[in-house]
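So in UniProt numbering the end of the sequence shown lands on 51, straight run, no missing numbers.
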Amino acid sequence: MNDERRLAVFGFKQMTASELLTTQLHELIDQIQIHDLTEDEQALAAWFDEA
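Printed below as a string of structure tokens:
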């Protein structure tokens, strides 16, 4: 079974590198308490949430 089909069987979709990095970034942002962020970091997090 090829990798793409195996991923489909397990409910995963193939992701581009950009999608994967964005997903990982979202996960990191979710792990950080928003009150611990500077104003610039909060703005960056909001920008990624809109993207």
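Even glycine gets a Cβ: it sits at the ideal position worked out from N, Cα and C.
Bear in mind that the values here come from a model prediction, so they are computed numbers and not experimental data.
Which residues in the same chain have their Cβ closer than 6 Å to the Cβ of residue i, if we skip the five residues on either side of it in sequence?
i, result
"Glu50", "none"
Taking only the alpha-carbon atoms, compute the straight-line gap between residue i and residue j and give it to the nearest angstrom.
i, j, result
"residue 121", "Ala43", "With the chain running from 1 to 51 in the structure shown, residue 121 is simply not present."
"Glu39", "Ile32", "14 Å"
"Met1", "Thr16", "Summary for Met1: the model assigns pLDDT 48, below 50, so the residue's position carries little reliability, and this model does not support an answer."
"Glu19", "Ala46", "17 Å"
Among residues of its own chain, excluding the 5 on either side of residue i, which ones have a beta-carbon nearer than 7 Å to its beta-carbon?
i, result
"Glu41", "none"
"His26", "Phe48"
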